[in-house]
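Here the structure is laid out as structure tokens; the discussion comes afterwards.
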Amino acid sequence: MKTFTLRTMVRAVVALVVLLSGIAMVPYFDRPAAALEWRMMAGVYTPELSVHASEGALGSQFAFTGTGFPPHKRATVFVNGRYLGRVMTNAHGMAQFIVQSPTSPLALGHHNITLEVDMNASATQGFTLSNDAPLVWAPDGFRGRVFALGQRLPQ
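Those letters in the sequence shown? Residues 28 to 182, by the numbering used here.
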């Protein structure tokens with residue numbers, strides 16, 4: 028009868044690890060190779076949220092662009108920590124939307140807008156509504172869902 032040596036055991040363990048590594052990839056067999064990047068596996072993203080104007084008068088439109096988010100995911104938009112609505116990220120992890128400010132003087136002041144996909148991909152950017160600021164509009168050709176500030180939308 029043949030006895031197992033340490034060398035044989037190490038080879039068996041290495042073969043088992045290689046086999047299990049391949050089995051772990053089975054859920055991804057229908058995805059193109061380009062979609063299997065390290066960020067997807069590690070869940071590491073560095074999202075950014077930008078706004079075209081940082082200050083505007085009541086009734087202004089603020090155009091937001093989020094980049095660096097997970098692709099093809101539903102992103103949630105919050106204003107000052109409260110749910111505002113949802114948008115989808117595209118294949119490059121980008122999402123665009125517009126926040127329409129109200130005309131009520133109660134809305135004056137600073138507002139933080141957060142775009143979040145899961146807990147590990149979140150970015151915040153703000154704007155200020157002021158009586159002294161000019162009325163601003165979203166740039167020509169800017170496309171994105173329009174959210175009315177102060178209006179809670181269904182989830």
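Virtual Cβ for every residue (Gly too), placed ideally from N, Cα, C. Source: prediction; values computed, not measured.
- Of Leu142, Leu111 and Val78, the smallest CA-CA separation from Phe91 is found for Val78.
- One Cα belongs to Ala175, the other to Leu47, and the distance between them is close to 50 Å.
- Ala148 is positioned such that its CB atom lies no closer than 8 Å to that of Ala122.
- According to the DSSP assignment, Asn139 belongs to the beta strand (DSSP E) that extends over Gly136 to Val144.
- Judged by their CB atoms, Ala84 and Leu142 are not nearer to each other than the 8 Å cut-off.
- Assigned with DSSP and collapsed to three states, Arg38 falls in helix.
- Arg38 and Pro74 have their C-alpha atoms roughly 43 Å apart.
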